[in-house]
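Residue 183 in my numbering sits at position 74 of the sequence shown, and the numbers go up by one each step. Written below as structure tokens is the structure these notes are about.
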Amino acid sequence: INTVIAMLCYQEERLYFDNPTFKKITTTYLITMIGSPRRETYMYQLNKYRPTKNVIILHNPGYKICEKTHVLKSTSDIWHANKEVCERTKYIPEPILILEDDVVFLPSFIENAAEIESFILTSGVEMYALGCIPIFNSIFPTKTHHYKIYKAAMSHAIIYSNKARNIILETQKNNIDID
Numbered sequence: 110i111n112t113v114i115a116m117l118c119y120q121e122e123r124l125y126f127d128n129p130t131f132k133k134i135t136t137t138y139l140i141t142m143i144g145s146p147r148r149e150t151y152m153y154q155l156n157k158y159r160p161t162k163n164v165i166i167l168h169n170p171g172y173k174i175c176e177k178t179h180v181l182k183s184t185s186d187i188w189h190a191n192k193e194v195c196e197r198t199k200y201i202p203e204p205i206l207i208l209e210d211d212v213v214f215l216p217s218f219i220e221n222a223a224e225i226e227s228f229i230l231t232s233g234v235e236m237y238a239l240g241c242i243p244i245f246n247s248i249f250p251t252k253t254h255h256y257k258i259y260k261a262a263m264s265h266a267i268i269y270s271n272k273a274r275n276i277i278l279e280t281q282k283n284n285i286d287i288d
């Protein structure tokens, strides 16, 4: 099932999967630009890996087309889109997955999803990166496959708790630029 909803600067397209990879984390947002040439690739990834029951594709027209407060460059625009997702999901108590449109799932995602989901839901972790380049991290895992990362780059797939999303929204209220 595929539905498109327009809201302010962004358009939502909704996908629903009966047998998602994550069973208790129910919502994914994928952030993309309107007219992105990556559509075929990310749609393939979403349909093959079905990350969550509800997948919302957030189509962003970009800051040059739709004026956004404190957004003057593309990095600020992607951060604005992430904050928009946090605003739209502030009443969802469970963690959500936010993807960028160049995300590529590895086959091990399906194999490890249940253990990752269990860790997230029982450990109280606020952010969990499914794939990033760690710049500074612990040398010992907290549990099997889980390392504490203090600074990272290229985070195209992150699971945020409700608490983390609220922290992001507080940052937005104080007009703090994270770039």
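Every residue gets a Cβ at the ideal spot worked out from N, C-alpha and C, and that includes glycine.
Apart from the five residues on each side of it in sequence, which residues of its chain come closer than 8 Å, Cβ to Cβ, to residue i?
i, result
"Asp-186", "Asn-169, Gly-171, Tyr-172, Lys-177, Val-180"
"Lys-272", "Glu-235"
"Glu-226", "Phe-131, Lys-132, Lys-133, Ile-134"
"Met-142", "His-168, Asn-169, Pro-170, Gly-171, Asp-210"
In chain order, what residues of the same chain have a beta carbon less than 7 Å from the beta carbon of residue i, not counting five sequence neighbours either side?
i, result
"Pro-160", "Pro-129, Thr-130, Phe-131, Thr-137, Leu-206"
"Leu-230", "Lys-133"
Identify whether residue i lies in helix, strand or coil by the three-state DSSP scheme.
i, result
"Tyr-200", "coil"
"Ile-225", "helix"
"Val-234", "coil"
"Lys-134", "For the record, residue 134 in the displayed sequence is Ile; it is not Lys. Residue state, collapsed to three classes: coil."
"Ile-219", "helix"
"Ile-268", "strand"
"Asn-191", "helix"
"Ile-143", "coil"
"Asn-156", "helix"
"Ser-185", "helix"
"Ile-276", "helix"
"Glu-122", "strand"
"Glu-149", "helix"
"Leu-117", "coil"
"Asn-163", "strand"
"Glu-176", "coil"
"Asn-128", "coil"
Among the options, which one has its Cα closest to the Cα of residue i?
i, options, result
"Lys-162", "Arg-147, Val-194, Leu-124, Leu-215", "Leu-124"
"Ile-219", "Cys-118, Glu-122, Tyr-158", "Tyr-158"
"Arg-147", "Lys-182, Val-213, Asn-275", "Val-213"
"Gln-120", "Leu-155, Glu-149, Cys-175, Asn-156", "Cys-175"
"Asn-275", "Pro-202, Leu-215, Ala-238", "Pro-202"
"Thr-184", "Asn-156, Ile-140, Glu-149, Glu-224", "Ile-140"
"Leu-278", "Glu-149, Glu-196, Tyr-237", "Glu-196"
"Asn-122", "Val-164, Tyr-237, Thr-231, Leu-230", "Reading the sequence as shown, one finds Glu at residue 122 and not Asn. Ranking the options by Cα distance to Glu-122, first place goes to Val-164."
Quick check on the burial criterion: 16 or more other C-beta atoms within 10 angstroms. Buried or exposed for residue i?
i, result
"Glu-166", "Strictly speaking, residue 166 in this sequence is Ile, with Glu absent from that position. Buried, by the Cβ-count rule."
"Asp-127", "exposed"
"Asn-191", "buried"
"Tyr-153", "exposed"
"Ala-222", "buried"
"Thr-198", "buried"
"Leu-117", "exposed"
"Leu-155", "buried"
"Tyr-237", "buried"
Short of 6 Å in beta carbon distance, which residues of its chain neighbour residue i, apart from the five on each side in sequence? Order them along the chain.
i, result
"Val-194", "Tyr-138, Ile-207"
"Leu-239", "Ala-266"
(message) If contact is defined by three or more beta carbon pairs under 8 Å, each pair taking one atom from either stretch, is the segment 196–206 in contact with the segment 267–278?
(response) Contact holds: three or more Cβ-Cβ distances are below 8 Å.
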